[in-house]
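Residue numbers (this note's numbering): 129 to 291. The beta carbon of each residue, even a glycine, is placed where N, CA and C say it ideally should be. Keep in mind the model is a prediction, meaning the values are calculated, not measured. First comes the structure, then the notes that go with it.
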């Protein structure tokens, strides 16, 4: 893994994975697609989709624990504050040799910089919500979210994949 290359790819993801519109029905669709994808690839995820800081979809698959829901909350908090994917924030901080607490004074109990949370963007409106998964290793959590967002946004997944 090359941190600089991954950060460049994630900047492309965040730019290209943008919706023309996004509402509660789209949030539900996103959540159910993530659940289906996780079932197909055989991973258990806690899945959360929020719009305007309200939870519209939450599902904890069999095999997850309450800790996965807590990880999702912490990753989501990071994206709601910074409007960047939790994985990009984490890799950027890793490259700087810092933690989010050191850089911004944010407690690890409420903010996590592990992969799996991604901003939901609408045209020129910017970030209108967050999609978060937790249950797999962080790079895989991130990849699952990106693949489903790419599908919904009409972007070929290979164009935005990290690998």
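Within the same chain, show all residues whose beta-carbon is closer than 6 Å to that of residue 161, passing over the 5 residues directly before and after it, in chain order. The residue you call residue 161 lines up with position 33 of the chain shown. Apart from sequence neighbours up to five positions away, the residues of its chain that approach residue 161 with a beta-carbon distance below 6 Å are 276, ordered along the chain.
Residue 206 by DSSP, collapsed to three states: which one? Along the chain shown, one-based indexing puts residue 206 at 78. The three-state reading of DSSP puts residue 206 in helix, counting H, G and I together.
8 Å Cβ shell around residue 163 - same chain, five flanking residues per side excluded: What you label residue 163 is simply residue 35 of the chain shown in a count that begins at 1. 173, 175, 187 and 189, listed in sequence order.
List, from N- to C-terminal side, the alpha helix (DSSP H) runs of 4 residues or more that fit wholly inside the region 195-262. Counting only runs of 4 or more, we get 214-224 and 228-232.
Give the DSSP-derived three-state secondary structure of residue 171 in the structure shown. As a working note, residue 171 is residue 43 in the chain shown. In the structure shown, residue 171 sits in coil (DSSP, three-state: anything other than H, G, I, E or B).
In DSSP terms, what residue 176 is bridged to: Taking the first residue of the chain shown as 1, we reach residue 176 at position 48. Partner(s): 186 and 260.
Below 8 Å between beta carbons: does that hold for residue 251 and residue 148? Position 123 of the chain shown, counted from the first residue, corresponds to residue 251. Position 20 of the chain shown, counted from the first residue, corresponds to residue 148. Cβ distance < 8 Å, so residue 251 and residue 148 count as in contact.
Simplified DSSP state of residue 193, which is helix, strand or coil: Walking along the chain shown from the start, residue 193 turns up at place 65. It is coil, neither helix nor strand.
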